[in-house]
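Residue numbers (the numbering used here): 5 to 152. Cβ atoms here follow ideal geometry from the backbone N, Cα and C, with glycine treated the same way.
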């Protein structure tokens, strides 16, 4: 069987069950962002989750485009939000730390990576989904010392 993001691609839906399920972390993060009144950013993160669910559930050029487009928008939105927080004097340490660890997990657990094991129950790319979703949620969380 072929692999992508280190998880075996199955012929039935979802093609990558673990990566599809872990994509729900973005939907949870989006709900949190909406509750924190980060509506636009929350919508972008929700689209990231939907794109990821579609892509890992049924890989195609259309689902890939939605997945990648939403991910680029999420990265840009995260950068803008982080810069805004830093200008307000609040360095988003938790978000930066989790995001950095997530990048290491993502890069080492991709197909061909040193920690890639397509037969593992816990997939590294799925761990990355959860860490990335946590990082964007932590980025939006307003510290108690930060003004509105």
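{"Item": "In the DSSP assignment, find the alpha helix (DSSP H) that holds residue 154 and state where it starts and stops.", "Value": "With the chain covering 5 to 152 only, the question about residue 154 has no answer from this structure."}
{"Item": "Cβ atoms of residue 48 and residue 164: under 8 Å apart, would you say?", "Value": "Because the chain spans 5 through 152 in this model, residue 164 falls outside it and cannot be assessed."}
{"Item": "The alpha helix (DSSP H) that contains residue 17, what's its start and end?", "Value": "Per DSSP, residue 17 belongs to no alpha helix (DSSP H) and is neither H nor E."}
{"Item": "In whole angstroms, what is the alpha-carbon distance linking residue 152 and residue 40?", "Value": "Because the pLDDT of residue 152 is 45, which lies under 50, any placement of that residue in the model is unreliable, and the number read from its coordinates should be weighed accordingly. Between residue 152 and residue 40, the C-alpha separation is close to 12 Å."}
{"Item": "By the 10 Å Cβ neighbour count, where 16 or more other Cβ atoms means buried, how is residue 17 classified, buried or exposed?", "Value": "exposed"}
{"Item": "Please work out which residues of its chain come closer than 6 Å, Cβ to Cβ, to residue 131, disregarding the five sequence neighbours upstream and downstream, and give them in chain order.", "Value": "109"}
{"Item": "Opposite residue 59 in the DSSP bridges: which residues?", "Value": "Its beta-bridge partners do not exist; DSSP assigns none."}
{"Item": "Would residue 53 be called buried (16 or more neighbouring beta carbons within 10 Å of its own) or exposed?", "Value": "buried"}
{"Item": "Whole angstroms are fine: how far does the CA of residue 143 sit from the CA of residue 46?", "Value": "12 Å"}
{"Item": "Ignoring anything shorter than 4 residues or poking outside the segment 65-91, list the alpha helix (DSSP H) runs there in chain order.", "Value": "65-91"}
{"Item": "Assuming residue 68 and residue 59 make a contact with CB atoms under 8 Å, what is their CB distance in whole Å?", "Value": "6 Å"}
{"Item": "Give the DSSP-derived three-state secondary structure of residue 148 in the structure shown.", "Value": "For residue 148, the predicted structure reports a pLDDT of 44, less than 50, and the residue's modelled location is therefore unreliable. The matter cannot be settled from this model."}
{"Item": "Taking C-beta to C-beta, are residue 133 and residue 8 nearer than 8 Å?", "Value": "no"}
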